[in-house]
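Quick note on numbering: the sequence shown equals residues 1 to 139 in full-length UniProt numbering.
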Amino acid sequence: DTISITIEKAISGHAMGSLIIQPGGCGEQNMIGLTMPVIATYYLDKTNQWHTTAVTYITRGYNQQLAYRKNDGSYAAWIIRASSTWLTAYVAKVFAMASNIVHIDQNVVCSALKWLILNKQLPDGVFREDAPVIHGEMT
Numbered sequence: 001d002t003i004s005i006t007i008e009k010a011i012s013g014h015a016m017g018s019l020i021i022q023p024g025g026c027g028e029q030n031m032i033g034l035t036m037p038v039i040a041t042y043y044l045d046k047t048n049q050w051h052t053t054a055v056t057y058i059t060r061g062y063n064q065q066l067a068y069r070k071n072d073g074s075y076a077a078w079i080i081r082a083s084s085t086w087l088t089a090y091v092a093k094v095f096a097m098a099s100n101i102v103h104i105d106q107n108v109v110c111s112a113l114k115w116l117i118l119n120k121q122l123p124d125g126v127f128r129e130d131a132p133v134i135h136g137e138m139t
């Protein structure tokens, strides 16, 4: 019986619910906070353990991240900082994942990818980074 309780706790969505946090901070910190609710929500949805808090936090995180979006579709940790290749790619990836959960403007995702390809991809396919990530924990 102890084993069954341990297994039940391991596969329960309760622990995943603790990953549903309100994103905030600079452009990088906000994405760190937005990623966890997106992934937790995927799991909770697949196991029918949905929490509406996740949708609220994902929507807020998305809207907050748009504050770090530049006119060319790129992102920076702060709007006054140079655009980051890594952060822009990360935003596009997480926003694409989140688009299955909440409404994400597809132009937002596409413009980020367009910026990466037209401005940061080198002829050999490698992407150049001119504004390294500040918060290494997001990499």
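The C-beta atom is built at its ideal place from N, Cα and C for all residues, glycine as well.
- Residue nearest to residue 59 within the set 31, 45, 46 is 31 (criterion: CA-CA distance).
- Per DSSP, the continuous alpha helix (DSSP H) segment holding residue 63 begins and ends at 52 to 65.
- Judged by pairs of C-beta atoms under 8 angstroms, the region 120 to 138 touches the region 83 to 98, as three or more such pairs exist.
- Residue 46 counts as exposed, since fewer than 16 other C-beta atoms from the protein chains shown sit within 10 angstroms of its C-beta.
- In this structure, residue 55 sits away from residue 97, with a CB-CB distance that is not shorter than 7 angstroms.
- Excluding five sequence positions before and after residue 102, the CB atoms of its chain that fall closer than 8 angstroms to its own CB belong to 55, 58, 59, 62, given in chain order.
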